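Undergrad:
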Amino acid sequence: MHDLNKIPFLRILLPFILGILISLYYANSGLPFVLLIGIFLLGTMLLFIKRTGNQVNHSLLFVLDLFLFFFALNLTQNSRSIDPCTHYSNYSNIDTVFWVGQVDDIPVNKPRSLKLNLSVLKIKNDTGYSNCQGNVIAYVQNSQVANNIKPGNFILLKSIFQEVGKPQNPHAFDFKKYLAIHSVYHTCYVDSNSFSVLPNQISRSLWQMGLAIKYKIIKRLGEVDLSENARTICSALITGFDDDIDKKVLESFSHSGTLHILSVSGLHVGLIYLVLNYFLTFLDRNKKYKLLQLIFISLCLWLFALITGFSAPVLRSVIMFNLLGFGNLYFRNKAANQINILAVSAFILLLFNPLLVQDIGFLLSYCALFGILYFSPKIYKWYEPKNKIAESVWKSVAVSFSATITTLPITLLVFHQFPIWFAFANLIIVPLSFAILLLAFVALFKLTFISSIINFLTAFMISFISIFNSDGWSFIDRIDFNFVDAVFLVLVLFFTTSLLLLRSYKFALYLMMVVILWQLYGLGNSYDAKAKNELVVYQIPRSSCTSIKNKLNTVLSCHDTNHYSISVKPNLISYNNTNITTSPFNFCKNGATGLLVLNEKNRIPGYFNFSVTHLLISNNAIPKQDFFDKLRLKVIVADGSNSYWVVRKLEKLCEERRIHFHSTRDKGAFILSL
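Numbering-wise (the working numbering), the sequence shown opens with residue 837 and increments by one.
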């Protein structure tokens, strides 16, 4: 991959990212700034002793890498630290606090509450209200007042700050880590009588102005004669607000490989950039007009960022395309120059927020654009179409494959699925979604015939992607793929590309070695997963779910399908393609271990023997005291379907009888090796 030598800024970006990653995964790696300067000066002195010519140049580059590494290390530590004097967390150990917060995003309607992203401004103490800082997610009980809350409102609340908990089920998504990237460490629940919107107070900052425009667009789309699916999809396409989209529709987009169109990001900004650039080609005659063209396009992109409420993905994309436009104006329009500019934009964003390196959207945006810039021209050369229609289709296919190549390790690691027909689906959905996006802007003027066209197009879009919603032939699901697999896949892609471009036998040798090592690792990982025998009682609020794995087979008893994908599926994926059977059960036995399940639908068996060592209680089904006298129980488990008071009663009973008690509500999932 000799082309990468033409991208000098990668030499700056890579050690900088390495320093960020080391700091993130080794929390105690932060070093005092004086020590960093000392290491830098010492390294400089040692490298320049008795060195001349090219050795000096290499020494300078090494010193620069060293400095960037330690600079990123220190920068990340400072970004993760919390100011103990002004942060609201100083009051998190108090039972109830009064505080003032400002709504920083669009309120999201939940079944029982309204979700608000709030920045903490003031907290009440013994002497009055003190200025504070930090971010909190508040869940406000549904009411007429709550439904009228708007972005930018200042709210007085009375609540208890609750620390965001760790995942309660094995291999589940780490919501605590995700929120920490956005500097959110606590949530709170507020009833309808414990908050009030402060009158005549609303922020006039540019950021809040953008949120206000975004909120008005979403409300305006609700007033237009659009179907529910059309309204929610248009809201997502224009503003990036996708919280109201039906879950089944989201699944269809995900399984077809077109979910990215619902997230306003590089795709939408790039399409707007290309369309504006196409219509302004008459300004390409001289450099002065080109500069005018760039300024106009830049203003349009920033206006689009404004109406999306300056969402993070759009900001990233606007900065990227502004820099790319600037680079195309003053430098030769080559892929190497464009990738170099892409690296500059990533460096700028990480300089302001190094925690973005953990953000999936950030990684996917840059990996996809890198793939399009680097691989797309090479793939396009494989075939030379003879007409414009075939050329457009082939370009679209080349772009889809290029973006998929560089994002594949991340998508498999995060989503554990692969859409087989992604290229064909994107060929139809991308232009269709862009047409809906343009029509949605026109629909804001309440033109009935435009609304009818949008309703038809969205209905066709949903029907089309639903074709790819069948597991097996349209997408591959439950792919057991971990971080080590992702590293191996990156190496395979790197050496395969190097082999195809440089035609060197050494890269063929490296590729074979990596593939063999990956296969050995996969065999060992698969053997461990398939040899595992275990019982898992999952923590699901107000519901029950239990799985029993025996070698290659898994029996699943689950009464709640709404939480399956988040709470249960990640653990089943880790079983490495196990055969899953869904069936309720109330007893299982393996060796000396026996589990009895009691719930409100089961009668207590009159024939059970004394081999029961573990008792699972669901749906508040506490038996009478004499029932416990008949058994020699070691453990009693209470799952999430039990009420708080029943859990406390069981805890007291186990304490009296000296039986180990496990509440999934308090301790997370119960895992028992069989």
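For glycine and all other residues, C-beta sits at the position ideal for the given N, C-alpha and C. In this text the structure is predicted, and so the values were computed from the model without any measurement.
1) Just to confirm, are His923 and Gly988 a CB contact at a threshold of 9 Å?
2) Between the alpha carbons of Tyr1202 and Lys1013, how many angstroms are there, rounded?
3) How would you call Phe1506, buried or exposed, if buried means at least 16 neighbouring beta carbons within 10 angstroms?
4) Using DSSP with H/G/I as helix, E/B as strand and the rest coil, what is Phe1031?
5) Note down, one range per segment and in chain order, each alpha helix (DSSP H) of at least 4 residues found wholly within the stretch 972–1050.
6) So, do the stretch 972–989 and the stretch 934–948 have three or more beta carbon pairs nearer to each other than 8 Å?
7) Comparing alpha-carbon positions, which option in Asn1426, Thr1075, Ser1380 lies nearest Asn1456?
8) What did DSSP end up calling Asp1307 once you bin it into helix, strand or coil?
9) What would DSSP say about Val1482, mapped onto helix, strand or coil?
10) When the Cα of Ser1302 is compared with those of Ser1088, Leu1336, Ile1256, Ser1181, which residue comes out closest?
11) Can you tell me which of the three DSSP states Pro1377 falls into?
12) Per DSSP, which residues does Val1372 bridge with? Please list them.
13) Among Phe905, Leu860, Ser859, which has the Cα closest to the Cα of Pro851?
14) Have a look at Ser1228 and Glu1220 and give me their C-alpha separation to the nearest angstrom.
15) Round the Cβ separation of Ile1081 and Ile1069 to the nearest angstrom and send it over; I've been treating them as touching at under 8 Å.
16) With distance defined between alpha-carbon atoms, name the residue in Asn1435, Phe1211, Cys1136 nearest to Ser1477.
17) Quick check: the Cα distance between Cys1024 and Thr1500, rounded to an integer number of angstroms?
18) Let me know if Asn1262 comes out buried or exposed under the rule of 16 or more other beta-carbons within 10 Å of its beta-carbon.
19) Helix, strand or coil: which one does DSSP assign to Ser1255?
20) Kindly indicate which residue of Thr1094, Tyr1374, Phe1330 has the alpha-carbon position closest to the one of Leu1392.
21) May I ask you to report which of helix, strand or coil DSSP gives Trp1218?
22) Report back the beta-carbon spacing between Ile959 and Tyr927 to the nearest angstrom; my notes put them in contact at under 8 Å.
23) With respect to the beta strand (DSSP E) encompassing Ala1474, which residues constitute its N-terminal and C-terminal limits?
24) State the CB to CB distance for the pair Asn1369 and Leu1510, rounded to an integer number of angstroms; the pair is presumed to be in contact (CB under 8 Å).
25) Where does the unbroken alpha helix (DSSP H) through Phe1423 begin, and where does it stop?
26) Return yes when the Cβ of Tyr1216 is within less than 9 Å of the Cβ of Asp1316, no when it is not.
27) If you pair each beta-carbon of the stretch 1417–1436 with each one of the stretch 1345–1353, do three or more pairs fall below 8 Å?
28) Could you give the residue range of the alpha helix (DSSP H) that holds Val1105?
29) Hey, how far is the Cα of Lys1342 from the Cα of Thr1332?
30) Under the three-state reduction of DSSP, which class applies to Thr1240: helix, strand or coil?
31) Report yes if the C-beta distance between Ala1322 and Leu1249 is below 9 Å; otherwise report no.
32) Going by other Cβ atoms of all chains shown within 10 Å of its Cβ, with 16 needed for buried, is Gly1145 buried or exposed?
33) Taking the continuous beta strand (DSSP E) assigned at Thr1418, which residues delimit it?
34) Exposed or buried, what is Thr1397 when buried is set at 16 or more other beta-carbons lying within 10 Å of its beta-carbon?
35) Buried or exposed: Gln1129, going by 16 or more other Cβ atoms within 10 Å of its Cβ?
36) If I measure Cβ to Cβ from Ser955 and keep anything under 7 Å in the same chain, skipping five residues before and after, which residues do I get?
TA: In this structure, then:
1) As a working mapping, residue 923 is identified with position 87 in the sequence shown. As a working mapping, residue 988 is identified with position 152 in the sequence shown. Not a contact, by the Cβ cut-off of 9 Å.
2) Within the sequence shown, residue 1202 is the residue found at index 366, counting from 1. Within the sequence shown, residue 1013 is the residue found at index 177, counting from 1. Each residue's Cα considered, the two are about 21 Å apart.
3) Counted from its first residue, the sequence shown places residue 1506 at position 670. Buried, by the Cβ-count rule.
4) Locating residue 1031 in the sequence shown gives position 195, counting from the first residue. Phe1031 falls in the strand class under three-state DSSP.
5) 980–983, 1011–1017
6) yes
7) One-based indexing of the sequence shown puts residue 1456 at position 620. The shortest C-alpha separation from Asn1456 is found at Ser1380.
8) Here residue 1307 refers to the residue found at position 471 of the sequence shown. It is a strand residue.
9) In the sequence shown, counting from the first residue as 1, residue 1482 sits at position 646. Correct three-state label for Val1482: helix.
10) Mapped onto the sequence shown, residue 1302 falls at position 466. Per the Cα distances, Ser1088.
11) Position 541 of the sequence shown, counted from the start, is the residue given in the question as residue 1377. Coil at Pro1377, not helix or strand.
12) Start at 1 with the first residue of the sequence shown, and residue 1372 comes out as number 536. Per DSSP, Ser1383, Ile1507.
13) Stepping through the sequence shown from its first residue, residue 851 is reached at position 15. The shortest Cα separation from Pro851 among Phe905, Leu860, Ser859 belongs to Phe905.
14) On the sequence shown, residue 1228 is found 392 positions in, with the first residue counted as 1. On the sequence shown, residue 1220 is found 384 positions in, with the first residue counted as 1. Going by the C-alpha atoms only, they are around 11 Å apart.
15) Position 245 of the sequence shown holds residue 1081. Position 233 of the sequence shown holds residue 1069. The pair is a contact, with the Cβ atoms about 7 Å apart (cut-off 8 Å).
16) Numbered from 1 along the sequence shown, position 641 holds the residue referred to as residue 1477. It is Asn1435.
17) For the purposes of this step, residue 1024 is taken as the residue at position 188 of the sequence shown. For the purposes of this step, residue 1500 is taken as the residue at position 664 of the sequence shown. Those two C-alpha atoms are separated by around 21 Å.
18) For this step, residue 1262 is matched to residue 426 along the sequence shown. Flag for Asn1262 reads buried.
19) Taking the sequence shown and counting its residues from 1, the one referred to as residue 1255 is at position 419. Here residue 1255 turns out to be Pro, not Ser, going by the sequence shown. Of the three classes helix, strand and coil, the one that applies to Pro1255 here is strand, per DSSP.
20) Residue numbering aside, residue 1392 sits at position 556 when the sequence shown is read from its first letter. If we check each option's Cα against that of Leu1392, Tyr1374 comes out closest.
21) For the purposes of this step, residue 1218 is taken as residue 382 along the sequence shown, with counting starting at 1. Trp1218: coil per DSSP, three-state reduction.
22) Within the sequence shown, residue 959 is the residue found at index 123, counting from 1. Within the sequence shown, residue 927 is the residue found at index 91, counting from 1. Indeed they touch by this definition, with Cβ atoms about 5 Å apart.
23) As a working mapping, residue 1474 is identified with position 638 in the sequence shown. Unbroken beta strand (DSSP E) run through Ala1474: 1471–1474.
24) Along the sequence shown, one-based indexing puts residue 1369 at 533. Along the sequence shown, one-based indexing puts residue 1510 at 674. So it is a contact: roughly 4 Å between Cβ atoms.
25) One-based indexing of the sequence shown puts residue 1423 at position 587. Taken as a continuous stretch (DSSP letters only), Phe1423 belongs to no alpha helix (DSSP H), being part of the beta strand (DSSP E) at 1423–1426.
26) The residue labelled residue 1316 in the question sits at position 480 within the sequence shown. The residue labelled residue 1216 in the question sits at position 380 within the sequence shown. Against a cut-off of 9 Å, the Cβ pair of Tyr1216 and Asp1316 comes out as no contact.
27) no
28) Here residue 1105 refers to the residue found at position 269 when the sequence shown is read from its first residue. Note, Val1105: alpha helix (DSSP H), 1102–1115.
29) What you label residue 1342 is simply residue 506 of the sequence shown in a count that begins at 1. What you label residue 1332 is simply residue 496 of the sequence shown in a count that begins at 1. The alpha-carbon atoms of Lys1342 and Thr1332 are separated by roughly 11 Å.
30) Start at 1 with the first residue of the sequence shown, and residue 1240 comes out as number 404. Reduced to three states, the DSSP call for Thr1240 is helix.
31) By 1-based counting over the sequence shown, the position of residue 1322 is 486. By 1-based counting over the sequence shown, the position of residue 1249 is 413. Contact: yes.
32) Counted from its first residue, the sequence shown places residue 1145 at position 309. By the neighbour-count rule (16 or more Cβ atoms within 10 Å), Gly1145 is buried.
33) Locating residue 1418 in the sequence shown gives position 582, counting from the first residue. Per DSSP, Thr1418 belongs to the beta strand (DSSP E) from 1415–1418.
34) Taking the first residue of the sequence shown as 1, we reach residue 1397 at position 561. Classification for Thr1397: exposed.
35) In the sequence shown, counting from the first residue as 1, residue 1129 sits at position 293. Buried: at least 16 other Cβ atoms inside 10 Å.
36) One-based indexing of the sequence shown puts residue 955 at position 119. Within the same chain, Ser955 has close Cβ partners Gly937, Gln938, Asp940, Asn971.
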